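Reading through the structure tokens given below for one structure.
Number of protein chains: 2
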Amino acid sequence: MLTQALIRDRVSRFPTRCKNAGLKVTHQRTAVYGMLAASESHPSPEEVYSQIRQNLPTVSLATVYKILDLFHKYGFLRKVSTEGQVARYDANVDPHHHAICTQCGTIKDIFQESDARIALAQPEVSDFTITHCDVIYHGLCKGCQSRSRQKKG
Amino acid sequence: MLTQALIRDRVSRFPTRCKNAGLKVTHQRTAVYGMLAASESHPSPEEVYSQIRQNLPTVSLATVYKILDLFHKYGFLRKVSTEGQVARYDANVDPHHHAICTQCGTIKDIFQESDARIALAQPEVSDFTITHCDVIYHGLCKGCQSRSRQKKG
DNA sequence: GTGGCTGCAAAGCTTTTGCATGTTC
DNA sequence: GAACATGCAAAAGCTTTGCAGCCAC
């Protein structure tokens with residue numbers, strides 16, 4: 004669960020992490036990271052952009068793209084694997100899985116110890132050196148379930 | 004492993020599957036399915052297009068997109084979840100996982116019984132009705148490993 | 001002060017759409 | 001022959017790029 008304390012913790016570490024990586028701490032970067040650190044909805048670049056624009060009206064979408072890409076490269080963010088939808092980012096880089104709604108695209112974090120242990124173990128894959136693993140469950144979220152029930156009934 | 008017998012089997016079932024689904028059996032559809040059924044490389048739409056164009060020079064890329072989307076909807080094909088690269092398709096819809104090379108994008112099928120059993124089981128996810136699950140391993144393929152070793156050494 | 005970062009505008013790719021024409025059943 | 005599929009061209013995303021000016025350090 005995402006608590007206020009956890010958000011504060013992530014955000015407070017951000018400047019140091021940037022410095023350690025040799026990255027400058029700009030308003031735009033702080034805003035992007037802060038927005039994602041406080042979010043559980045796995046926002047798209049467009050969503051990050053329109054959110055941070057409220058406090059930083061001159062920011063550009065291209066910059067948001069550049070920042071997201073950079074943070075992903077440096078491991079500050081995780082990119083959720085989807086079947087071809089727009090990019091979605093997650094500031095929670097601790098091992099966990101995702102459930103994606105086939106209908107509305109909602110992404111929910113899944114923390115399941117039994118699954119995690121196996122899926123995050125590095126399997127014996129011939130000819131491949133595994134660095135990390137994504138587990139993505141596809142299905143219908145509660146909202147879309149009740150919506151489709153209404154249509155039928 | 005993809006044997007000639009398995010390819011023949013898939014291709015021979017194709018017309019019946021179309022009819023059962025109420026889909027017309029056209030040259031374009033047969034070519035797209037045949038190409039994917041005989042492939043282990045998880046081709047992109049563009050790759051399917053340029054391949055089948057050799058025997059069907061008038062086919063259009065838009066048609067390939069429409070066919071791939073249709074086949075995916077009807078469950079003839081699986082779409083591989085990627086972190087935002089181009090779409091990749093797989094005619095093997097039996098349960099299995101994928102390993103994707105971070106550097107060159109090569110996708111390899113993974114058949115691991117212990118993993119499969121767990122990842123394909125439907126977990127207890129509150130507020131979600133799970134229909135299927137993707138497990139994607141990320142890492143370096145053999146080729147890219149030796150290439151990066153050469154650079155260093 | 002300098003190197004790195006941002007904003008802008010433009011381009012690049014992938015994918016989708018609308019419609020007239022052609023094909024399957 | 002009717003319904004459905006295709007091909008074309010155009011548009012619609014999403015994402016990247018190049019470069020002049022700006023800002024963090």
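Residue numbers (my numbering), protein chains in the order written: chain H, 4 to 156; chain G, 4 to 156. All residues carry an ideal CB built from backbone N, CA and C; glycine is no exception. All values derive from a computational prediction rather than experimental measurement.
* To do: Could you name the residues of the same chain whose beta carbon sits closer than 7 Å to that of His-45(H), not counting the 5 residues immediately before and after it, in chain order?
  => Here residue 45(H) refers to the residue found at position 42 of the first sequence. Correct list, in chain order: Val-83, Arg-91, Tyr-92, Asp-93 and Ile-110.
### Message
I need the boundaries of the beta strand (DSSP E) containing Gly-37(H), first residue and last residue.
### Response
Here residue 37(H) refers to the residue found at position 34 of the first sequence. Looking at the DSSP string, Gly-37(H) is not in any beta strand (DSSP E); the run it does join, the alpha helix (DSSP H), is 30–40.
Whole angstroms are fine: how far does the CA of Val-138(G) sit from the CA of Val-138(H)? Here residue 138(H) is taken as the residue at index 135 of the first sequence, counted from 1. Here residue 138(G) is taken as the residue at index 135 of the second sequence, counted from 1. Going from the Cα of Val-138(H) to the Cα of Val-138(G) covers about 5 Å.
Let's see if you can read the secondary structure: which residues bound the beta strand (DSSP E) around Lys-111(G)? Numbered from 1 along the second sequence, position 108 holds the residue referred to as residue 111(G). Here the beta strand (DSSP E) through Lys-111(G) covers 110–113.
Could you check the C-alpha separation between Val-89(G) and Ser-63(H) for me, to the nearest Å?
On the second sequence, position 86 is the one that residue 89(G) refers to. On the first sequence, position 60 is the one that residue 63(H) refers to. Roughly 25 Å separates the two Cα atoms.
Exercise for review: Could you confirm whether any beta carbon from chain H is found closer than 9 Å to the beta carbon of Lys-76(G)?
Suggested key: Residue mapping note: residue 76(G) aligns to position 73 of the second sequence, counting from 1. False, the Cβ-Cβ gap to chain H never drops below 9 Å.
- Candidates Leu-39(G), Gln-115(G) and Glu-49(G): which alpha carbon is nearest Pro-98(G)'s? Reading the second sequence from its first residue, position 95 is the one you call residue 98(G). Comparing C-alpha distances from Pro-98(G) to each of Leu-39(G), Gln-115(G) and Glu-49(G) shows the shortest one belongs to Gln-115(G).
What is the residue span of the beta strand (DSSP E) that Asp-97(G) lies within? As a position in the second sequence, residue 97(G) is number 94, starting the count at 1. For Asp-97(G), there is no enclosing beta strand (DSSP E), as DSSP marks it with neither H nor E.
**Buried or exposed (CB count within 10 angstroms, at least 16 for buried), Cys-136(G)** = Indexing the second sequence from 1 puts residue 136(G) at position 133. Cys-136(G) is buried by the Cβ-count criterion.
Check whether Val-35(H) and Val-67(H) have beta carbons under 9 Å apart:
By 1-based counting over the first sequence, the position of residue 35(H) is 32. By 1-based counting over the first sequence, the position of residue 67(H) is 64. Val-67(H) sits close to Val-35(H), with the two beta carbons spaced by under 9 Å.
Exercise. If Ala-102(G) sits next to Gly-142(G), beta carbons under 8 Å apart, how far is it from one beta carbon to the other, in whole angstroms?
Worked result: Here residue 102(G) refers to the residue found at position 99 of the second sequence. Here residue 142(G) refers to the residue found at position 139 of the second sequence. Their Cβ separation, rounded to whole angstroms, is 7 Å, which keeps Ala-102(G) and Gly-142(G) in contact under 8 Å.
Under 8 Å by beta carbon: chain G residues contacting Cys-136(H)
Mapped onto the first sequence, residue 136(H) falls at position 133. Under the 8 Å cutoff, chain G gives Val-138, Ile-139, Tyr-140 and His-141.
Q) Comparing the C-beta of Glu-50(G) with each C-beta of chain H, is any distance below 9 Å? A) Here the question's residue 50(G) lines up with position 47 in the second sequence. Closer than 9 Å: no.
Take Cys-107(H) as the anchor and find which of Asp-72(H), Gln-148(H) and Thr-132(H) has the nearest alpha-carbon. The residue you call residue 107(H) lines up with position 104 of the first sequence. Cα-wise, what sits closest to Cys-107(H) is Gln-148(H).
Every unbroken alpha helix (DSSP H) within the region 56–83 of chain G, with a cutoff of 4 residues, ordered by chain | With a minimum length of 4 residues, the continuous alpha helix (DSSP H) runs that stay inside the region 56–83 of chain G are 64–76.
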